[in-house]
Amino acid sequence: MMIALLYLFSLFHLSLRCAALSIIQTPKNLSVTKGDNVCITCSWEAEDQDERIRVWWKVYYESASAAHNGTVLASVLWINNKTEVRIRSRDQSDYQLTKDKAQLWLFSVNESDAGNYICEVIIDKPEHRSGKGKGTTLYVIDSSSSPVIHIWWNYSLYIWIPFAILISVIIVTIPVIWICKRKREPTALYSDHTYGNFAQNEKDSHRKISPKAKKHHPSRSKDVSSVEKGTRKQHEIV
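For the sequence shown, the residue numbers in mature numbering (1 follows the signal peptide of the UniProt record, and there is no 0) are -20 to -1, 1 to 218.
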């Protein structure tokens, strides 16, 4: 409790007058096997006149019972080329601090160490500056489990999201093509039917009318009779 209060008071007091300090934290993600050692580095641009530097290491554990505002691992102070660790909450750990770089070492990590680690740097002499890293996410794999499964879970989103998009495009495209094809088919059938009727009418117009057909077409029979009468008159005159 006293560690948390000291940390909050220090941040509140210095935030009122600190200028921004750019912190580069590496690596961004770290995956190790249970029992391995871990190193996280934070670096910044130092100035020649810097005399007093303090680094806070915090971790946001993945467990549900972990504190929401993070847990302080250590407070490391650098004064005129001398390093002093003021606070240490993990036994198997080491902290190194120079004028422009801080390192956190965790030894024999286990699943409970998994989480997001962040460094916060405060320079209060001679000019007040402060900043913090973007964090390092630590994954710890049990040695008895297969690392292939862990890798698959880490990269599953990168594989399945494009695949799902491709399947969705195919599912949408096929019905659209089918509907467009169906819309074109009635027009083609109607055109073929119209052309067929036109050709049949042309064929029927050139066909000779049979004697039986004349009986069913009085007007046609009347015209033929008139022609025959005219022919007889011409023969009588001759």
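C-beta: ideal position from N, C-alpha, C; glycine also.
Tell me which residue opens and which closes the beta strand (DSSP E) that residue i is part of.
i: K38; result: R32 to Y41
i: W85; result: K81 to L86
i: W58; result: T51 to I59
i: residue 259; result: Within the shown structure, residues of the chain are numbered from -20 to 218, placing residue 259 beyond reach of any answer.
i: L77; result: S73 to L77
i: E25; result: E25 -> no beta strand (DSSP E), and no H or E assigned at all.
i: I4; result: I4 to T6
i: L10; result: N9 to T13
i: S110; result: R109 to K112
i: D16; result: D16 -> no beta strand (DSSP E), and no H or E assigned at all.
i: R68; result: K62 to R68
i: N96; result: G95 to K105
As a quick exercise: from the options, pick the residue whose alpha carbon is nearest that of residue i.
i: Y97; options: R164, N49 and D104; result: N49
i: T116; options: W140, P155 and A94; result: A94
i: F87; options: Q72, W36, K14 and E100; result: Q72
i: W36; options: Q29, R68, E100 and R66; result: E100
i: W24; options: R162, K114, L118 and K163; result: K114
i: Y75; options: R34, D104, Y41 and E107; result: R34
i: residue 231; options: R32, T51 and V89; result: Because residue 231 is not part of the residues shown, which for the chain are -20 to 218, the question remains open.
i: S92; options: D122, I67 and R68; result: D122
i: N90; options: E42, V52 and I150; result: E42
i: E27; options: S11, T78, K163 and S69; result: T78
Does the beta-carbon of residue i have 16 or more other beta-carbons within 10 angstroms, so that it is buried, or is it exposed?
i: A168; result: Bear in mind that the predicted position of A168 carries a pLDDT of just 49, short of 50, making it too unreliable to give a figure here.
i: L146; result: exposed
i: A(-2); result: exposed
i: S110; result: buried
i: V39; result: buried
i: V152; result: exposed
i: V120; result: buried
i: I102; result: buried
i: W140; result: exposed
i: S148; result: exposed
i: S124; result: exposed
i: S69; result: exposed
The stretch 58 to 65 touching the stretch 2 to 14, judged by at least three CB pairs closer than 8 Å: Short answer: they don't touch.
At least 3 beta-carbon pairs within less than 8 Å: the stretch 81 to 100 vs the stretch 18 to 29: The stretch 18 to 29 and the stretch 81 to 100 touch, with three or more beta-carbon pairs separated by less than 8 Å.
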